[in-house]
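Residue 1 is where the sequence shown starts when you use full-length UniProt numbering, and the numbers rise one by one after that.
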Amino acid sequence: MSALTRVIARINPSNSALFVCDLQEKFSKTIQYFPEIVQTSRRLIDAARILEIPTVVTEQYPKGLGHTVPLLKEGLAENAQVFDKMKFSMCLPPADGVLKNVKNVILVGIEAHVCVLQTTYDLLERGHNVHVVVDAVSSRSHTDRHFAFKQMEQAGAILTTSEATILSLVGGSDHPKFKEVQKLILTSAPDTGLVQVPTAKL
1 MSALTRVIAR
11 INPSNSALFV
21 CDLQEKFSKT
31 IQYFPEIVQT
41 SRRLIDAARI
51 LEIPTVVTEQ
61 YPKGLGHTVP
71 LLKEGLAENA
81 QVFDKMKFSM
91 CLPPADGVLK
101 NVKNVILVGI
111 EAHVCVLQTT
121 YDLLERGHNV
131 HVVVDAVSSR
141 SHTDRHFAFK
151 QMEQAGAILT
161 TSEATILSLV
171 GGSDHPKFKE
181 VQKLILTSAP
191 DTGLVQVPTA
201 KL
C-alpha cells in the first residue's frame, strides 16, 4: 500500500496574500483582546509591506461601524486594496484580482466565528490554502473564538501564529530583507488569551 502524500502549504511572498478582516473602530470595546489583536495584525501588515505581499482589507458596513483603526491604516502599502462589504465573507469581486494570483491567503481579523470563518470556507472552496493567524483573530466571546478555530482547522485551514508566519515568509536569515523583517518580532507578540498559563502553587 502506498503512503498517502500530504500537500505542504508553504508560504512565500510570491505565492501569498494578506487578508485583514473588519478591524474597525466600533469593535474596539466589544472584541476580546482587541488592542492586542490590532497590534499583532500590524506586524503582519508591516511584513506584507516590506515583502511586497498584496494586501486586502475589508470594512463591514463602515457607515455604521466606522473604518479600519488608524494603527493599521497607516501601515498599509499604497497599493493595498480596501473595500467595504455587507456580506460576511471577504471573497467578493473586489478581491478577485488578488486571489487569482496566489495560492496562500494569510488571514487576520474579526470575528473568528463569523466573517473570518465564512472567508475561510470560501477560500478553501476556491482551492486556496488558508493560514489563520490565531493571535491576530478574535471574537466577542472566547467560546465563539475557540470553536471557530476548531471548525476552521477541521475544514482544512492551517492555524498558525504571527511570528511563525513572518519567519516562514522570509524562509531564513539569508533573505535580503530578513534584518528589516526581524525587527518586527524582536519583541514577542502580546498575549491574546489563547493559552492559559498555570499559576504557581504556593
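Think of the CB as a built atom: it goes at the ideal place given N, C-alpha and C, for glycine as much as any other residue.
Closest by C-alpha distance to residue i, when choosing among the options
i: V38; options: A48, V56 and T68; result: T68
i: F149; options: F178, C115, H175 and A17; result: C115
i: Q24; options: Q60, L123, E52 and A9; result: Q60
i: S141; options: T30, V133, G75 and M152; result: T30
i: L117; options: E180, I166, P13 and C21; result: C21
i: N155; options: R126, G172 and D174; result: Before going on, a small fix: residue 155 reads as Ala here, not Asn. Of the candidates R126, G172 and D174, the one whose C-alpha sits nearest the C-alpha of A155 is R126.
i: G75; options: D96, D84, E52 and P93; result: E52
i: S28; options: A47, G66 and N15; result: G66
i: P62; options: E78, K26, A48 and Q32; result: K26
Under the three-state DSSP convention, the category residue i falls into
i: L184; result: helix
i: L76; result: coil
i: C21; result: strand
i: K29; result: coil
i: F147; result: helix
i: K87; result: coil
i: V82; result: strand
i: S168; result: helix
i: A3; result: In this prediction, A3 scores a pLDDT of 47, lower than 50, which makes its location untrustworthy; the coordinate-derived value is nonetheless stated afterwards. Three-state DSSP puts A3 in coil, outside helix and strand.
Where the beta strand (DSSP E) through residue i begins and ends
i: residue 228; result: Since the first residue shown for the chain is 1 and the last is 202, residue 228 is missing from the structure and cannot be characterised.
i: V56; result: T55 to Q60
Inter-residue CB distance, residue i and residue j (contact presumed, cutoff 8 Å)
i: P168; j: A189; result: Looking at the sequence provided, one finds Ser at residue 168 rather than Pro. S168 to A189, Cβ: 15 Å. No contact.
i: I11; j: N104; result: 5 Å
i: V108; j: S41; result: 5 Å
i: A17; j: P54; result: 5 Å
i: S138; j: T192; result: 7 Å
i: D144; j: A112; result: 6 Å
i: L72; j: I45; result: 6 Å
For residue i, the first and last residue of its enclosing alpha helix (DSSP H)
i: T161; result: Careful: T161 lies outside any alpha helix (DSSP H) and carries neither H nor E.
i: G109; result: Counting along the chain, G109 falls outside any alpha helix (DSSP H), though it belongs to the beta strand (DSSP E) covering N104 to I110.
i: F34; result: F34 to L51
i: K177; result: Per DSSP, K177 belongs to no alpha helix (DSSP H) and is neither H nor E.
i: residue 218; result: Limits of the chain in this structure are 1 at one end and 202 at the other, which puts residue 218 out of reach.
i: V98; result: P93 to L99
CB contact check: residue i to chain B, cutoff 7 Å
i: P62; result: This model lacks chain B altogether; it includes just one protein chain.
At least three beta-carbon pairs within less than 8 Å, the stretch 122 to 132 to the stretch 80 to 98: With the cut-off at 8 Å, the stretch 122 to 132 and the stretch 80 to 98 touch.
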